[in-house]
Amino acid sequence: MAEKNLLSNPAPLGLMGFGMTTVLLNLHNAGLFDLGSMILAMGIFYGGLAQVFAGLMEFRRGNTFGTTAFCSYGLFWLSLVAIILLPSALDVPSPSKVAMASYLFMWGLFTFMMFLSTLKISRASQVVFLSLAILFWLLALGEVTGMGLITRIAGIEGIF
38 MAEKNLLSNP
48 APLGLMGFGM
58 TTVLLNLHNA
68 GLFDLGSMIL
78 AMGIFYGGLA
88 QVFAGLMEFR
98 RGNTFGTTAF
108 CSYGLFWLSL
118 VAIILLPSAL
128 DVPSPSKVAM
138 ASYLFMWGLF
148 TFMMFLSTLK
158 ISRASQVVFL
168 SLAILFWLLA
178 LGEVTGMGLI
188 TRIAGIEGIF
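Position 121, counted from 1, in the sequence shown is what the working numbering calls 158; the numbers after and before it change by one each time, with no gaps.
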């Protein structure tokens, strides 16, 4: 007798974890408020851990795309919080503008590859991944040029 799949659908948890955390960070990028403990906590717990949990549940369900997306973006959030907090916690240097731009550019490249994987599925997934790739690349450009206007534009793009 076949085993009944009793796992709930983890996609809503993963999507909400990513979406809510992304909007909050981009409200900061758009200049509406300072980066603070609220965004960092969301990055650790909802953007980070909740997405990793969702990715592991997708793994159990046999969904390679969901596993890759949720685990990767969950670990993105955890790494971003570490990049922000480690310099003061461990007295190590912050990344240079070029290093941070490279980090963001690589996440944009990864996201564009994920976008290509959505071309045979829903239009909504295509919009999400393409707009996210653009967001990462705008943030990288804002970082490397030091132009706050580009970062603000990225923040506005990331809210919508």
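Note that beta-carbon positions come from the ideal geometry of N, C-alpha and C, so glycine has one too.
Whose C-alpha, out of the options, is nearest the C-alpha of residue i?
{"i": "T104", "options": "L52, W174 and L115", "result": "L52"}
{"i": "A91", "options": "S154, N46 and I187", "result": "N46"}
{"i": "G185", "options": "R97, Y110 and K134", "result": "K134"}
{"i": "A119", "options": "C108, G80 and T59", "result": "G80"}
{"i": "G85", "options": "N63, F102, T59 and N66", "result": "T59"}
{"i": "W174", "options": "F147, I121, V164 and H65", "result": "F147"}
{"i": "F113", "options": "L64, Y140 and A136", "result": "Y140"}
{"i": "G56", "options": "L115, R97, Y110 and L72", "result": "Y110"}
{"i": "R98", "options": "A48, N63, G195 and E194", "result": "A48"}
{"i": "M137", "options": "S125, L117 and L122", "result": "L117"}
Specify the secondary structure class of residue i as computed by DSSP and reduced to three states.
{"i": "M151", "result": "helix"}
{"i": "S159", "result": "coil"}
{"i": "F197", "result": "coil"}
{"i": "G99", "result": "coil"}
{"i": "V129", "result": "coil"}
{"i": "F70", "result": "coil"}
{"i": "G85", "result": "helix"}
{"i": "G54", "result": "helix"}
{"i": "M184", "result": "coil"}
Note the first and the last residue of the continuous alpha helix (DSSP H) segment covering residue i.
{"i": "S45", "result": "Per DSSP, S45 belongs to no alpha helix (DSSP H) and is neither H nor E."}
{"i": "M79", "result": "S74 to I81"}
- Message: Three Cβ pairs or more, each shorter than 8 Å: is that satisfied between the region 141-161 and the region 170-189?
- Response: They touch, by the three-pair rule.
- Is it a yes or a no for the region 85-101 touching the region 120-133, going by three-plus beta-carbon pairs under 8 Å? Counting Cβ pairs under 8 Å, fewer than three are found: no touch.
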